[in-house]
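Trainee: Numbering (our numbering), first residue to last: 7 to 217.
The beta-carbon is built from N, C-alpha and C at its ideal position, and this holds for glycine as well.
Provided herewith is a single structure, encoded as structure tokens, for subsequent inquiry.
This is the structure:
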């Protein structure tokens with residue numbers, strides 16, 4: 007399975023913030039690298055090289071040169087490449103890692119191949135379903151309030167497939183572009199809408215329950 011996930015590359019297991027991940031570093035470092043987790047996959051690629059624009063001589067003489075610090079830190083990618091090389095010489099203790107490595111690899115393979123072995127677990131809820139509300143507002147200039155439909159659509163048609171613990175789904179769209187994120191008017195507007203989602207919420211005190 008490891009060959010399938012990271013063909014001809016180096017596979018490393020590590021933990022971050024209490025979660026386990028696999029890092030796949032291809033033979034060609036300029037291709038970037040990938041990180042796989044149970045709930046999160048990350049692809050990292052180098053930014054394209056941007057050629058400096060040509061500057062007219064008269065403008066260059068007028069502007070002069072900007073002094074640079076003599077001490078230049080190594081680039082992030084160089085540090086990563088060095089770290090990956092060092093990690094490649096370290097062996098993991100099998101008794102501590104083999105169980106969750108197998109789990110993460112299996113999850114990645116299932117995602118790539120479309121294997122539906124884990125479909126039942128991803129579409130079931132292990133706790134009591136609740137009313138759900140998804141809040142959108144990034145870059146929006148209109149306030150659509152509370153709705154049972156995603157009018158933009160902001161979250162896509164598949165959101166119900168990834169929310170098995172939601173007994174129902176509603177949406178809130180706020181005009182965040184017109185307010186600072188810490189604006190009290192925007193905060194109050196959000197609370198006023200959220201208390202409408204569940205009948206057990208208290209609009210008088212602004213208490214949100216069962217949501």
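Reducing DSSP to helix, strand and coil, say where residue 69 ends up.
Mentor: In the structure shown, residue 69 sits in a helix (DSSP, three-state: H, G or I).
Trainee: Out of curiosity, what's the CA-to-CA distance linking residue 215 and residue 158?
Mentor: 27 Å
Trainee: Output needed for residue 127: all residues of its chain with C-beta closer than 6 Å, excluding positions within five of it in sequence on either side, in chain order.
Mentor: Because residue 127 sits at a pLDDT of 49, beneath the cut-off of 50, its placement in the model cannot be relied upon, and the following sentence gives the value as read from the coordinates. Closer than 6 Å at the Cβ level, and outside the excluded window around residue 127, lies no residue.
Trainee: Over the uninterrupted beta strand (DSSP E) stretch that includes residue 197, give me the two end residues.
Mentor: It is not in any beta strand (DSSP E) - residue 197 instead sits in the alpha helix (DSSP H) that spans 190-200.
Trainee: Out of 32, 41, 37, which has the shortest C-alpha to C-alpha gap to residue 19?
Mentor: 41
Trainee: Considering just the uninterrupted stretch of the beta strand (DSSP E) at residue 43, what are its terminal residues?
Mentor: 39-43
Trainee: For residue 20, which beta-bridge partners are listed by DSSP?
Mentor: Answer is 27, bridged to residue 20.
Trainee: Using DSSP's beta-bridge definition, name the partner residues of residue 172.
Mentor: 136
Trainee: Do you know offhand how far residue 209's Cα is from residue 163's?
Mentor: 31 Å
Trainee: When DSSP labels each residue in this structure, what does residue 167 get in the three-state scheme?
Mentor: helix
Trainee: Alpha carbon to alpha carbon, what distance is there between residue 169 and residue 198?
Mentor: 24 Å
Trainee: For residue 217, which residues from the same chain have a beta carbon less than 8 Å from its beta carbon, with the 5 sequence-adjacent residues on both sides left out?
Mentor: 136, 137, 138, 139, 200, 203, 204, 207
Trainee: With a CB to CB cut of under 6 Å and the five nearest residues on each side skipped, what residues in its chain are close to residue 161?
Mentor: 140
Trainee: If the criterion is Cβ atoms closer than 9 Å, does the pair residue 133 and residue 171 meet it?
Mentor: yes
Trainee: Excluding sequence positions up to five away, which residues of its chain have a Cβ less than 8 Å from the Cβ of residue 149?
Mentor: Once the five neighbours on either side are set aside, the close Cβ partners of residue 149 are 179, 180, 181, 195.
Trainee: On a CA-only basis, which of 177, 175, 174, 185 is nearest residue 145? Give me that one, please.
Mentor: 185
Trainee: Output the boundary residues of the beta strand (DSSP E) element that contains residue 47.
Mentor: 47-50
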